[in-house]
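When the letters of the sequence shown are read in order and numbered with this note's numbering, they come out as residues 192 to 342.
Positions of the beta carbon are idealized from the N, C-alpha and C atoms, including for glycine.
In what follows, a structure is listed as structure tokens, so that the remarks can point back to it.
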Amino acid sequence: MASLPSISPTPLDESARSLLTYKQKITVIAALAVVASAFVIEPVHHAPQPYKFEYSVKDKHGEQHRQEAGDGHAVQGSYGFTDDRGIQRQVTYVADKSGFRAQVKTNEPGTANQNPAAVHIISNAPNGHGGYAGVLGAPAIVAAPIAYGGY
């Protein structure tokens with residue numbers, strides 16, 4: 192019986208192999224791009240949720256506190272302190288579609304009744320800009336109105 196000639200594949204030279212590899216890579220990348228474009232990831236928007244928190248800390252230096260509540264459209268809160276010398280500051284605020292509004296009640300030396308921006312400062316400190324021993328008189332916090340995005 193006569194034997195058939197064996198046929199073996201012709202070995203490809205190095206440039207042909209790298210060309211096939213390059214074409215395969217391009218094909219895979221193109222296929223992945225098509226699959227990825229089929230999935231549109233929508234951002235998840237959560238409706239604003241009501242919240243409320245508060246805390247108070249007392250130690251040998253005085254007391255400080257804060258409380259805040261929001262309904263998803265407006266925020267109301269307050270914070271303040273009383274130090275061991277009896278110096279007090281109480282800030283009450285609202286942030287809503289009309290902006291940020293605060294009222295500061297204090298007896299800090301160097302403060303006086305005034306209403307800069309949308310802040311009302313109510314001071315029962317003696318008139319003048321005197322401080323007390325070892326500490327310079329610090330002005331009360333002044334906040335300018337900021338817009339509330341209503342998110």
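Check: Can you look up Thr212 in the DSSP assignment and give me helix, strand or coil?; Outcome: helix
Check: What do you reckon, are the CB atoms on Tyr242 and Ala260 nearer than 8 Å?; Outcome: yes
Check: Assign Glu245 to buried or exposed, taking buried as 16 or more other Cβ atoms, counted over all protein chains shown, within 10 Å of its Cβ.; Outcome: exposed
Check: Classify Gly321 as helix, strand or coil using the three-state DSSP reduction.; Outcome: Any reading at Gly321 must be qualified, since the residue scores a pLDDT of 49, below 50, and its modelled position is unreliable; no value is offered.
Check: Between which two residues does the beta strand (DSSP E) containing Val235 stretch?; Outcome: Unbroken run through Val235: none, as it is neither H nor E.
Check: Nearest-angstrom Cα distance between Gln267 and Gln240?; Outcome: 14 Å
Check: Tell me which residue opens and which closes the beta strand (DSSP E) that Thr302 is part of.; Outcome: No beta strand (DSSP E) contains Thr302, which DSSP labels as neither H nor E.
Check: Let me confirm a value: Arg276 is counted as buried when at least 16 other C-beta atoms fall within 10 Å, else exposed. Which label applies?; Outcome: exposed
Check: Which one of Ile278, Pro234 and Gln294 has the shortest CA to CA distance from Val285?; Outcome: Gln294
Check: Taking the beta carbon of Gly321 as the centre, do at least 16 other beta carbons fall within 10 Å, making it buried, or is it exposed?; Outcome: Caution is warranted here: a pLDDT of 49 is assigned to Gly321, below 50, making its placement in the model unreliable, and the coordinate value is therefore given only provisionally. Gly321 comes out exposed.
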